[in-house]
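Trainee:
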Amino acid sequence: MAIVKRTRWDSRTAFVLAAIGSAIGLGNIWRFPYICYKYGGGAFLIPYFVALLTAGIPLLILEFAIGHRMEGSAPLSFAKISKKTEWLGWFALLIGFGIVCYYAVIMAWSAKYLISSFTLAWGADTKTFFFSKVLNISGGVFEIGRPQGWIVLALFFCWICIVLATWKGIKTVGKVVYVTVTLPWVLLIIFVIRGLTLPGAIDGIRYFLTPNFKALANLEVWHAAYSQIFFTLTVGFGVMIAYASFLPRKSDIVNNALIISLSNCATSYIAGFAVFSTLGYYAHISGTTVANVMKSGPELAFVTYPTIINHLPLAPLFGVFFFLMLLTLGIDSAFSLTEAIVAGVRDKFRWSQKATNITIAGIAFVVGLIFTTRAGLYWLDIVDHFMNNFGLFIVGFLEAIFIGYIFGADKLRKYANNLSELSVGRWWDLIIRYFVPIVSLVLLIWTLKDRLLKPYGGYSRLAEFLGGWLVIIIFVIISILLSIKGKREV
Ligand code: PHE
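Quick note: the sequence shown uses my numbering, first residue 90, plus one each step.
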């Protein structure tokens, strides 16, 4: 029984928006469109929706239901299932912590670019600007150098924003999300309209959506679909568990999960139109094909987009819009991860909201400094790979096993159904007990096999160990220590 009365969301809308804000992030803009194009175009929507229905939505229902049922952050919820499973809650939060440390750095770059937009400071050679001027990137992963002053400054600024957005916990979050969810949507629509009215746009869209049904026979496509779904819905980081723990006792679970996941996936789809129409235009003006200009991740946002912006009428305005969109897309994902950790620490140690908030943000800021060094991008790349490919699937796998077999899938389903406007059938139990564990295990083994054959991204084995395996091992140890430590009243 919690001693302190748990704060609650002001309204259902606040909760739904916060969860949507967490789900919608940079991945919707720079990951989904690219993956869709690469793995079968329009045909990719089939594995994507299958993954959504057979893993994404069921896991989201699971996380909402368990957080609500136990009225606790991830560690407390798992501790209430069994003292032996508490560590998984901490592990999920630590994976989220690993991510937010570098996610905030990407936001820092976006903040820097937002300012550069006013004068189009990146000039014509956007590649040199990003890699040499902004990142001052070194020749290799061990040539670390010093943290770059201005990135540190921008990072500090981003952390201040995150701390402020979570200042009074969900009371503040519930207000901030009205802006951080709707503003990027409005900006995205502006980019879709702008993109579609540019010459060459249709060629871009064709690349994005022309279906290649043969691709569906390729297992890699299914792998990509399931990975993207896990990542995009922000399940497996304890965020959705914590957010649901703040719901009033009478709250819908199933319908909320549907609304949130469908809004997220629709946003990704619409983002595809914004990205590909603009790329079509870029290919058109440079007399090449869309395939030649297609990039994903940081290069798309910080090299390709600035080049395209240079060619648009009212360039500075679109620059400001674009980077403001990235910042507002990212910030609610970043503060959801932070708030999930804060809630976990508070549930266990009973610290005050503000002290916990500042401590966690402070630690994440300091850890994040590694990503502001001259080798920052390399380390970011390695850590990102391990958090999202190993951390995430380990959590997905164990979460399904612990709920499916220890707590009881049927028990949790009945709990959710009693509260919800829509009910889920017995198929949900089967998915949680058998399907999700199998899929996550296959994804894990698949990536593990790749890693055993060759180190990630051509880095050395040592770098891979330090930025990947070691981090995971340390997280497991810390999780176990935290779960052993102290007694809590459950
Ligand atoms: N789901 C968000 C995205 O697609 C980001 C995110 C991923 C947030 C992982 C937290 C953890 O970008």
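No residue lacks a Cβ here, since even glycine has one placed at the ideal position from N, Cα and C.
Since the structure is predicted, the reported quantities are computational estimates derived from the model, not experimental observations.
Which residue from Y467, A429, W468, T462 puts its Cα closest to that of I449?
Mentor: Cα-wise, what sits closest to I449 is A429.
Trainee: Which one of S206, Y548, T269, T96 has the shortest CA to CA distance from L416?
Mentor: Comparing Cα-Cα distances from L416 to each of S206, Y548, T269, T96, the minimum goes to T269.
Trainee: May I ask you to check if the CB of I120 is nearer than 8 Å to at least one heavy atom of ligand 1?
Mentor: In the sequence under discussion, the amino acid at residue 120 is Arg, which differs from the Ile named in the question. Result yes, Cβ under 8 Å from ligand 1.
Trainee: Threshold first: 4 residues or longer. Then list the alpha helix (DSSP H) segments lying entirely within the segment 166 to 247, N to C.
Mentor: Runs of the alpha helix (DSSP H) inside the segment 166 to 247: 175 to 206.
Trainee: I need the straight-line Cα distance from G145 to W211, nearest angstrom please.
Mentor: Each residue's alpha carbon lies about 39 Å from the other.
Trainee: For W98, is the classification buried or exposed, using 16 other Cβ atoms within 10 angstroms of its Cβ as the cut-off for buried?
Mentor: By the neighbour-count rule (16 or more Cβ atoms within 10 Å), W98 is buried.
Trainee: D639 and D539: beta carbons closer than 9 Å?
Mentor: Outside the displayed range of the chain (90 to 579) lies residue 639, so it cannot be described from this structure.
Trainee: Would you say the segment 182 to 190 touches the segment 388 to 406, given that touching needs at least three Cβ pairs under 8 Å?
Mentor: Too few Cβ pairs lie closer than 8 Å, so no.
Trainee: With a Cβ-Cβ cutoff of 9 Å, do S111 and T323 count as a contact?
Mentor: In this structure, T323 lies closer than 9 Å to S111 by Cβ.
Trainee: Rounded to whole angstroms, what's the CA-CA distance from G129 to V310? Just pull it up for me.
Mentor: Distance between the alpha carbons of G129 and V310 is about 8 Å.
Trainee: When you compare only the Cα positions, how much space is there between V32 and K264?
Mentor: This structure cannot speak to residue 32, because the chain is shown only from 90 to 579.
Trainee: Could you tell me the distance, in whole angstroms, from the CA atom of C354 to the CA atom of S316?
Mentor: Whole-angstrom Cα-Cα distance: 14 Å.
Trainee: Since F486 contacts L533 with CB under 8 Å, what's their CB separation in whole angstroms?
Mentor: Correct: roughly 7 Å between the Cβ atoms.
Trainee: Once DSSP output is grouped into helix, strand and coil, what is the label at W274?
Mentor: W274: helix per DSSP, three-state reduction.
Trainee: Should A112 be listed as close to ligand 1, given that the test is whether its C-beta is under 8 Å from any heavy atom?
Mentor: At least one heavy atom of ligand 1 is nearer than 8 Å to the Cβ of A112, so yes.
Trainee: Taking 9 Å as the threshold (C-beta atoms), are G369 and V379 in contact?
Mentor: Result yes, Cβ atoms of V379 and G369 sit closer than 9 Å.
Trainee: How many whole angstroms separate the CB atoms of P147 and I521, which I take to be in contact at a CB cut-off of 8 Å?
Mentor: With 8 Å as the limit, P147 and I521 qualify as a contact, their Cβ atoms being about 6 Å apart.
Trainee: Looking at C-alpha atoms only, which residue of A346, I398, D473, I124 is the closest neighbour of L511?
Mentor: Residue A346 is the option with its Cα nearest to L511.
Trainee: With a threshold of 16 other CB atoms inside 10 Å of the CB of F207, please say whether the residue is buried or exposed.
Mentor: Classification of F207: exposed, given that the 10 Å Cβ count is below 16.
Trainee: Using only CA atoms, which one of V262, F438, I566, W558 lies nearest to H474?
Mentor: The option with the nearest alpha carbon to H474 is W558.
Trainee: Give a single yes or no on whether L182 has its beta carbon closer than 8 Å to a heavy atom of ligand 1.
Mentor: Checking every heavy atom of ligand 1 against the Cβ of L182, none is found closer than 8 Å.
Trainee: Taking the continuous alpha helix (DSSP H) assigned at L308, which residues delimit it?
Mentor: Where L308 is concerned, the enclosing alpha helix (DSSP H) stretches over 308 to 321.
Trainee: Are L165 and K437 closer than 9 Å when you measure CB to CB?
Mentor: Yes, the pair counts as a contact, with Cβ atoms nearer than the cut-off.
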